[in-house]
Amino acid sequence: MAMTDAVARLNAALEGRYAIERELGEGGMATVYLADDLKHERKVALKVLKPELAAVVGAERFLAEIKTTANLQHPNILPLFDSGEAEGLVYYVMPFVEGESLQERIDREKQLPVDEAVRIATDVAEALQAAHEQGIVHRDIKPANILVSRGKPLIADFGIALAISAAGGGARLTETGLSVGTPFYMSPEQATGDQVVGTSTDTYALGSVLYEMLVGDPPYPGSTAQAVLGKIIAGEPVSAAKQRPSVPPNVDATVRRALEKLPADRFTSAQDFANALGDEHFRYGEAAAGVALAGAVGPWKRASMGLAILATVTSLIAGWALLRPVPPSPVERFASPFGNADQPGAAGVYAFNLSPDGSKLVFRGASEGGGGNQLWVRQWNDLDPLPVRGTESGSQPAVSPDGERLAFMQGGQIRVLSFEGGPVITLGPGLFPRWGPDGYIYAEGDSGAVRMPATGGPVEQVTRAVEGEPFNRVGDFLPGGDGALLMVDGGGITPEIRALNAMELLDSPVALVDGVSAFTISDDGKLFYSRGQTGLSEFVWMTRSGQATPVDPGWSFDSGGGNSAWSLSPDGARLAFRAQADDNDDIWIKDLDDGPLSRLTFDEGEDWSPHWSPDGDMLTFVSNRAGGGDDRDVWTKRADGTGEAELLYDHEGLIVEGFWGPDGEWLVLRGGAATAAMNTRDILALRPGVDSIALPLLAAEYDEQEPALSPDGRWLAYISNEAGSGGFEVFVRPFPDMNAGRWQVSTDGGVMPVWAHSGRELFFLDSNRALIAAQVDTDSGFQVGEKETLFTFPTGSRISTTNTLYGVAPDDQRFLMARDYGGESQESSESRFVLVNNFFEELRERVGN
């Protein structure tokens, strides 16, 4: 929305109360406007909460929580004048302050005079103490939230972050790309996703602000949020005096204590922080003592120490030259050592695994016949991978320590087979198997980690899940079984690799590789990993020539896994999709491209597969809100959010999707058993108000799924494994008389059929991930014409055999799809997979030993 349009909308919504003059700026949570308070005849700063944030938090909850901060009174705290909601806009009002923010001052001058920086920090600390005494924690202290007017600091947005967290938004801000707190100033407990933080979080942030005022940069700078948070959690202690020798010892000691990793090691109160700044005798930590000692050492002694150090270093170099150790092997990196047609089809956690000797990689890819998935093995001394028989629909591979057997997940069960052939052994239920050096297979169970003998036997509980803790899944065991590397995600933190020593997490975990969604490491030091953030996706437009453009750069969503689906409105202006909110799967609507985001469903059940009605006024979706589990029915709700959702069709069992035909008469459904149960999926249809139950259109002994009706409603495209190739192909039949004909459209595998709006093309994806445009003639019967390959789906793009995961723009020239989200530095498909040789050399350098 253009700025002038936003101002006009605000003035209309707030008529009689406030008159908006202009936009002052935009922050992470709100847009700020200069306004006239018409009742009190004064200038105010009116802040409008970001629509996507308001959608996650909820206006009523936010406004209820912010009331707790309205009575805060202190000379250095900017008061809250007013708050409310108008025409869907959530706003709050504060005084308009002539001056600038502390961030603007730092940006302009880099470092502040020491005395002034100390005075500002002292005033802010005393204001924090007043708020803390009333039980209020700011949670987002940073230079941008400290205004300086006539030399006096004023803390702005007091309680806003608290209101967001208390209203329930703190745990689900991944949908908006926002967070409570700013990375450079987050305390370690905030960085690890802890939503319950104390007053020492504010003093930590103030210590970071004081450090930046003195040095010119935050204590833990970085080019990405992941890098910053990794340093905050595991970085070495900092010293302002080392960067700026004129910083007094007590000020440096104050900063050091404020920035301690553990809250218990910091100041017990903000007032103690202020007192330490005013006490020239205050000291803390070894660095402060070291600074004092250095000041007491005379020039002669410093020179003598320098000569001694030089002699020691010279002796070490001479000894090393005499011993002539074998130089370490160089670390080598290779981006995506695959062709487009044979690379892993998934970049998620445990999508691939290296053998312990590093000679081969097992990964999940498209099945030989196309459509489905299976496991493949790539020997590094071969150019092409080979299929692993018996692993159809399998995933999460784990190679045995001797490299001769494979464990994997199939149909919710952990299974084992030999690469040389033979029977498949079923061990028991579980996810994410990893083969331990003790001969057991470790997996994630219902309530923690379990292990089971690789030859079959009882399943043993290893750990118990703890509510609220992030997932720590074993990525691979280190040689000798003395340690492992963990894949850490969940709890709002960015996925990363961490070191595990003697099966206990190190006190200060070392972040080794940022932006990792999956990895595997072999005994000989090969590391293979995929880039991107697990669970986060972004929508992109693809042209017919394969050029990708993010729909709304910087915006991502959490699809929640499973068979996610989305749908373009008939006019192509809106997008309906499923995303996680409040730990639940709900339907959301996004105005394209960079328009607002709104949440459509708020029930406690899980909602899937939204589809627009032909007129674009309604959305159908499936939900288990009535029965729970796999008892899913078809519901409908107005797309503008008004009214309650209504039950459209109550089905006995599982419905995966339901959508209206173009005439609004027929409701087409896809039903069947759970995803892993093959040959149970059928296509049904009914006319609400005419038929009492859905009639089976295609219910053979095969799988029939992904139905798509032509624009004129006369033809139904679908995929089926009835061709005998072992995979899925695209077929077309007349609708609703399905027995009047059948035509096979694809011949080299086919999934996700979508009709062009013109009705003259049928798009689908072949077994090589290529999007095919098949010309069709429906004037007299049905005929398939020329097939054109448009582009290959990039690695990381969503592909499914159960739901169609792309849409076609009304002009048939662009395609809307989703791919793994990699942040502002979104990696190209060619570098999403990385092979690193001799990774242990880098590991030794970073971790030691």
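Reminder that position 72 of the sequence shown reads as 71 in numbering that gives the first Met the number 0, one-by-one numbering, no gaps. Don't be surprised by glycine CBs; every beta carbon is placed ideally from N, CA and C. Values in this document were obtained by computation on a predicted structure and should not be read as measured data.
Reference residue i, options the options, closest by Cα
i: Ser745; options: Phe730, Pro695, Asn738 and Val31; result: Phe730
i: Ala155; options: Arg41, Glu603, Pro78 and Leu33; result: Pro78
i: Gly594; options: Asp606, Asp614, Arg573 and Asp602; result: Arg573
i: Ser568; options: Ile440, Asp747 and Trp659; result: Trp659
i: Ala257; options: Arg243, Asp278 and Tyr283; result: Tyr283
i: Arg624; options: Thr635, Ile105 and Asp614; result: Thr635
i: Lys241; options: Ala233, Ala124 and Val254; result: Val254
i: Asn583; options: Ser622, Asp570, Gly364 and Ala547; result: Ser622
i: Gly604; options: Trp611, Ser597, Arg577 and His610; result: Arg577
i: Trp565; options: Leu685, Ile586 and Ala693; result: Ile586
i: Trp554; options: Asn767, Ala817, Trp665 and Glu331; result: Ala817
i: Gly87; options: Ala53, Glu700, Arg104 and Asp736; result: Ala53
i: Ile718; options: Glu703, Asp711, Gly712 and Ser709; result: Glu703
i: Ala252; options: Val227, Glu279, Thr267 and Lys260; result: Glu279
i: Gly438; options: Thr425, Gly455 and Pro422; result: Gly455
i: Ala547; options: Gly402, Asp4, Phe792 and Asp711; result: Phe792
i: Gln782; options: Thr801, Asp747, Leu815 and Trp714; result: Trp714
i: Gly545; options: Arg768, Arg265 and Glu64; result: Arg768
i: Phe61; options: Val47, Gln72, Leu71 and His73; result: Val47
i: Glu22; options: Gly626, Ser394, Asp747 and Val43; result: Val43
i: Gly712; options: Ser691, Pro735 and Asp690; result: Pro735
i: Pro710; options: Arg797, Arg759, Lys359 and Ala120; result: Arg759
Contact belief for residue i with residue j at Cβ below 8 Å, rounded distance in angstroms
i: Leu127; j: Ala269; result: 4 Å
i: Val92; j: Leu45; result: 5 Å
i: Thr600; j: Ala644; result: 6 Å
i: Gly524; j: Asn836; result: 7 Å
i: His610; j: Asp632; result: Actually they do not touch by this definition, with Cβ atoms about 14 Å apart.
i: Pro343; j: Phe832; result: 7 Å
i: Ser238; j: Gly357; result: So it is not a contact: roughly 42 Å between Cβ atoms.
i: Ile232; j: Thr191; result: 6 Å
Span of the alpha helix (DSSP H), counted from its first residue to its last, around residue i
i: Asp271; result: Ala269 to Gly277
i: Thr849; result: Because the chain is modelled from 0 through 848, residue 849 falls outside the range shown and cannot be assessed.
i: Tyr210; result: Thr198 to Val214
i: Pro187; result: Pro187 to Ala190
i: Phe888; result: This structure cannot speak to residue 888, because the chain is shown only from 0 to 848.
i: Thr635; result: First-last for Thr635: Asp632 to Arg637, but that is the beta strand (DSSP E), not the alpha helix (DSSP H).
i: Thr121; result: Val113 to Glu132
Residue i versus residue j - alpha carbon distance
i: Leu834; j: Phe527; result: 5 Å
i: Leu668; j: Gly429; result: 31 Å
i: Gln412; j: Gly427; result: 5 Å
i: Glu211; j: Asn249; result: 16 Å
i: Gly671; j: Ala517; result: 31 Å
i: Val539; j: Pro552; result: 9 Å
i: Val868; j: Arg243; result: One cannot answer for residue 868 here, as it falls past the ends of the chain, which runs 0 to 848.
i: Gly865; j: Ala204; result: Outside the displayed range of the chain (0 to 848) lies residue 865, so it cannot be described from this structure.
i: Gly749; j: Pro809; result: 23 Å
i: Asp606; j: Glu537; result: 20 Å
i: Gln812; j: Asp639; result: 28 Å
i: Ala34; j: Ala12; result: 13 Å
i: Arg138; j: Asn144; result: 11 Å
i: Arg8; j: Tyr701; result: 55 Å
i: Val208; j: Val56; result: 28 Å
i: Val387; j: Asp570; result: 45 Å
i: Ala699; j: Leu683; result: 12 Å
i: Phe418; j: Asn372; result: 18 Å
i: Gly806; j: Ala18; result: 42 Å
i: Pro329; j: Gln378; result: 22 Å
i: Met617; j: Leu666; result: 13 Å
i: Lys38; j: Gly24; result: 24 Å
i: Ser199; j: Phe183; result: 16 Å
i: Ile798; j: Ile654; result: 20 Å
i: Arg16; j: Asp590; result: 29 Å
i: Pro396; j: Leu842; result: 24 Å
i: Ser597; j: Ala739; result: 43 Å
Continuous beta strand (DSSP E) stretch holding residue i: start and end
i: Ile413; result: Gln412 to Ser417
i: Val655; result: Ile654 to Trp659
i: Lys589; result: Asn583 to Asp590
Could you tell me whether the stretch 138-157 touches the stretch 63-82, where touching means 3 or more Cβ pairs closer than 8 Å? yes
Within 8 Å, do at least three Cβ pairs link the stretch 754-766 to the stretch 679-699? no
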